[in-house]
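Shown next, in structure tokens, is the structure this report addresses.
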Amino acid sequence: HCRQPTHQETKHTKALIHQGNAARITGLASVFTSADMVAAIIVGNGGSPSPEEIQRRQFGYWCMSLVVSMEDTFGQHEDGLISEDRFNSFRAGVAGGVMQPGMRRYWVTWKAARPNAQEKFKAWVDAIIASQAGQNLPS
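Residue numbers (my numbering): 214 to 352.
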């Protein structure tokens, strides 16, 4: 007869599924940072790809990759799959990233597009941003 998976095995399986999803999204976003691919996307949607529009979209795809990766790492920590030490190091990296004005703008847009999803993750990133509030932002 079949044994039931343990709680830890179930957590690891869920983490692998989410990690695979995150890898797929970030992989696609990496492909989409190619200027030729971005131009094709713009043309395919009826637009004219100016150099500035291509760069703007490349940056957006790069930001998307970062947020998906952040979301995945946060979720793995929540599931007890990442140590506090590694997570604290990761948090320091996130803090440096959200200090950047372009990434901060992307974050606001990303959050607004997901009003009823990932509440704990959004609150965690917002707390990092709030902790940086008195610091000078790089330009």
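Positions of the beta carbon are idealized from the N, C-alpha and C atoms, including for glycine. None of these values were measured; they are calculated from a predicted model.
From residue 265 to residue 251, what distance separates their C-alpha atoms?
Roughly 11 Å separates the two Cα atoms.
When the Cβ atoms of the region 259-274 are set against those of the region 297-310, are three or more pairs found closer than 8 Å?
no
For residue 249, count neighbouring C-beta atoms within 10 Å of its own C-beta (all shown protein chains included) and say buried if the count is 16 or more, exposed if not.
Burial is judged here by how many other beta carbons sit within 10 angstroms of a residue's own beta carbon; residue 249 has fewer than 16 and is exposed.
Quick check on DSSP: helix, strand or coil for residue 248?
helix
Below 8 Å, how does it come out for the region 305-313 and the region 332-345: are there three or more Cβ pairs, yes or no?
yes
Compute the Euclidean distance between the alpha carbons of residue 334 and residue 222, then round it to the nearest angstrom.
23 Å
Consult DSSP for residue 261 and reduce its assignment to one of helix, strand or coil.
coil
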